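Heads up: the sequence lines are chains A and B, in that order. Per our numbering, residue 27 is the first one in the first sequence, and the count goes up by one each step. Per our numbering, residue 178 is the first one in the second sequence, and the count goes up by one each step. Glycine included, each C-beta is placed from N, C-alpha and C at the ideal position. The structure displayed is predicted, hence computed values, not measured ones.
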Amino acid sequence: MRRFIRRYIGFTRCTMEERIAYRKGFLVSAVLNMVGILVSVFLWRVLFAQESVIQGYDWNQMILYVLIVALLNATLGFDTERKLSKGILDGSIASDLTKPIDFQSMSFFQALGHSLVEGGTALILVVLLAVTLTDLSPYLNPVSMALFAVSLMLAFMLKFCLAYFGGLMCFFTSNGFGVVYLRQVITDVFSGAMLPLAFFPAWFQRLAGVLPFQASVYLPTQIFLGRIEGRGAVRILALQALWVVVMWTLSGLFFRFAVKKITIQGG
Amino acid sequence: MISVRKLTKEFKIPVKPPGMKGAIRHLIRGEYKVKVAVESVDFSIEQGEAVAYIGPNGAGKSTTIKMLTGILKPTSGEILVNGIDPQRHRIQNAKNIGVVFGQRTQLWWDIPVEESFALLKNIYEVPDAVYNENLKLFNEIFGLSEFIGRSARKLSLGQRMRADLAAALLHNPSTVFLDEPTIGLDIGTKEAMRELIQRINREKGVTIILTSHDLKDVEDICRRIIVIDGGRIICDKEISQLTKEYAMDRGLQITLLDMQKELPARLLGQEGISYAAMEDAHTLEIHFKPEMYTAFEIVEEVNKYARIQDFRLREPSIERMIEKIYRSGEQSA
């Protein structure tokens, strides 16, 4: 395992350096994140001016929900699959395939590097906003924080698997943006990133419950907000871990199948 | 050692009729036609050989290289690189090979070259001693230390290609695939690239498979040529043997003042003239056996049928041999 990490950790390091090399892009994305969060906050403020509780969420909980979603989205957003689909479509995946490395693990370690940089800045932003806008005191007990931390890590891995799986679709469609966009919309709706799943009709919630997406966003928020506690929380972690294993395995199989279809143009 | 048997690769290409109507028709019921990029190719290469794999654009060179490196899955046929099927055991095969695609870079664009190298060192688990020794060699021939601290984006094409070749050799691969490694480079950089390739071939016994349109690369580096055209191999010979077969003839290029379509056929009928064809409307290319004619006699002979504006003797060169091979390939196809 140590040997494995030693071989792959360079991808994390290089991605971080690369990300930081673009200082302006880096700043712009931080500002965009901030604006996106503030828009949601203002929207909810209008709605909460009429009522104090909406679908079981009070103002405090709703804003924390928004902030956690923002943190998760910033940590692993578009970039993993954009990079992947670009590599597939312009053929630069060819060099990666001539290396003695597992492509999926390589992509994971790259995504990790990206996430450490993006997630790091988003975390600062989110904590600042949480402190100014909400009352955090009910949520700061060590047990639920620890559970939440584990849940976040699993959510990151699952988000990676979903993005990776989506990116591999480019082997078949030769249209990068469409696939990425479609995957994003499906994920946003079913994961609870757009709205808490409690806002949707019962049949939709049942459907979302059997799909992997909710385990990447919705379930971690429920742990943090203390809406699911104790044994229920542990069950969520187990479910997340299960989805990670399932999606990682499926992605691996899908890659092995897809790579046979590869046609690299030119040269 | 590489062995390739009955290797074939077919691509499905969409057939899109022109215009909006065609585009919609394709969307509803896509039609495809099969293009054979590589057709039943056979060859084998021993460890330590330096082989040029050449052919016109679109002949199937890169497709073959991509199959040999495990990127593309062959439609049919068999490949063994050092006893390994490169597509089925891609990762295992990748440990032993080095690859340069002249049209792409494997360096990270926005971080210093040495960081890319450090990453490769980790991936291949290159021992420090080997890594340092190799860097020393690359420095000696390439002057790598001048630009190793800069990001790939800031390098000139020549520097970038030197860094790319070095990157492909860091882990002492036993087999190296070079797909147009000198494309677009100036003469100085080309020389340096050739020198390094030659040295690892001669001193370390590394197998070299090279594609290039620059036949000087071929001449300097390789001892054997495989020519592919239209997906088929049309020639596979030692360069020394080719020289024997083709270079015994001398060549003349004669510029004529009038059009002479039937002239080549008339000349070809004569003994001792091995080749005669119009290069373009006014240029006649003619090859003859020096023991039977002097160049002057050939000019005199041609002068009987057409007025001559100019003529020059063509040195026997690989370039001319390859030209001839391409042409004979076209004729037989």
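(message) Whether or not the segment 208-226 of chain B and the segment 181-196 of chain B are in contact is what I'm after, with contact meaning three or more pairs of Cβ atoms, one per stretch, closer than 8 Å; do they touch?
(response) yes
(message) Just checking: is the beta-carbon of residue 118 of chain A within a distance shorter than 8 Å of some beta-carbon in chain B?
(response) yes
(message) Below 8 Å, how does it come out for the segment 397-411 of chain B and the segment 358-375 of chain B: are there three or more Cβ pairs, yes or no?
(response) yes
(message) Below 9 Å on C-beta distance, what does residue 247 of chain B contact in chain E?
(response) Among the protein chains in the structure shown, which are A and B, there is no chain E.
(request) Within 10 angstroms of the Cβ of residue 536 of chain B, are there 16 or more other Cβ atoms? Answer buried if so, exposed if not. (result) Missing from the structure shown is residue 536 of chain B; chain B here goes from 178 to 510 and no further.
(message) Let me confirm a value: residue 102 of chain A is counted as buried when at least 16 other C-beta atoms fall within 10 Å, else exposed. Which label applies?
(response) buried
(request) Inspect the CB distances between the segment 185-194 of chain A and the segment 108-125 of chain A and report whether three or more fall short of 8 Å. (result) yes
(message) To the nearest angstrom, how far is the alpha carbon of residue 434 of chain B from that of residue 277 of chain B?
(response) 47 Å
(request) Run the CB neighbour count on residue 76 of chain A, radius 10 Å, all protein chains shown included, and call it buried at 16 or more, exposed below. (result) exposed
(message) If contacts are defined as beta-carbon pairs under 8 Å, then residue 440 of chain B and residue 461 of chain B qualify, I think. What distance do you get, rounded to the angstrom?
(response) 7 Å
(request) Check whether the segment 214-224 of chain A touches the segment 61-77 of chain A, taking contact to mean three or more Cβ pairs, one atom from each stretch, closer than 8 Å. (result) no
(message) Among the candidates B:203, B:291, B:253, B:216, whose CA atom is the shortest distance from the CA of residue 411 of chain B?
(response) B:216
(message) Cβ closer than 9 Å: which chain B residues qualify as neighbours of residue 298 of chain A?
(response) Given a span of 27 to 293 for chain A in the structure shown, any question on residue 298 of chain A remains unanswerable.
(request) Report the three-state DSSP secondary structure of residue 183 of chain A (helix, strand or coil). (result) helix
(request) Quick one: list the residues of chain A neighbouring residue 292 of chain B, beta-carbon separation under 7 Å, in chain order. (result) 40, 43
(request) Run down chain B in chain order and give the residues with a C-beta less than 7 Å from the C-beta of residue 286 of chain A. (result) 250
(message) Which residue wins for smallest C-alpha separation from residue 426 of chain B, given the options B:281, B:471, B:393, B:338?
(response) B:471
(request) Taking residue 295 of chain B as the query, report the chain A residues whose CB atoms sit under 9 Å from its CB, ordered along the chain. (result) 36, 39, 40
(message) Beta carbons nearer than 9 Å to chain B: which residues of the segment 175-206 of chain A have them?
(response) none
(message) Helix, strand or coil, according to DSSP, for residue 77 of chain A in the structure here?
(response) coil
(request) Determine contact between the segment 240-247 of chain B and the segment 290-305 of chain B, defined as no fewer than three beta-carbon pairs at a distance below 8 Å. (result) no
(request) Just the C-alpha distance for residue 249 of chain B and residue 387 of chain B, rounded to the nearest angstrom, thanks. (result) 18 Å
(request) State the DSSP-derived secondary structure class of residue 491 of chain B, mapped to helix, strand or coil. (result) strand
(request) For residue 84 of chain A, count neighbouring Cβ atoms within 10 angstroms of its own Cβ and tell me buried if that reaches 16, exposed if not. (result) exposed
(request) Would you kindly work out how many angstroms separate the C-alpha atoms of residue 173 of chain A and residue 285 of chain A, rounded to a whole number? (result) 38 Å
(request) Could you name the residues of chain B that residue 14 of chain A contacts, counting a contact when the two beta carbons are closer than 9 Å? (result) Within the shown structure, residues of chain A are numbered from 27 to 293, placing residue 14 of chain A beyond reach of any answer.
(message) Quick check on residue 47 of chain A - is its C-beta less than 8 Å from some C-beta in chain B?
(response) yes
(message) Counting only Cβ pairs nearer than 8 Å, list the residues of chain A close to residue 281 of chain B.
(response) 117, 118, 120, 121, 293
(request) For the segment 401-418 of chain B, enumerate the residues whose C-beta is nearer than 9 Å to any C-beta of chain A, in chain order. (result) none
(message) Which complete beta strand (DSSP E) runs does the segment 256-281 of chain B hold, if anything under 3 residues is left out?
(response) 274-278
(message) As a quick exercise: from A:203, A:225, A:46, A:177, pick the residue whose alpha carbon is nearest that of residue 265 of chain A.
(response) A:177
(request) Report buried or exposed for residue 194 of chain B, applying the criterion of at least 16 other Cβ atoms within 10 angstroms of its Cβ. (result) exposed
(request) May I ask you to report which of helix, strand or coil DSSP gives residue 385 of chain B? (result) strand
(request) Starting from residue 428 of chain B, follow the beta strand (DSSP E) in both directions and report where the run begins and ends. (result) 427-433
(message) Does residue 408 of chain B pass the burial test, meaning 16 or more other C-beta atoms within 10 Å, or should it be called exposed?
(response) buried
(request) On a CA-only basis, which of B:319, B:454, B:380, B:404 is nearest residue 502 of chain B? Give me that one, please. (result) B:404
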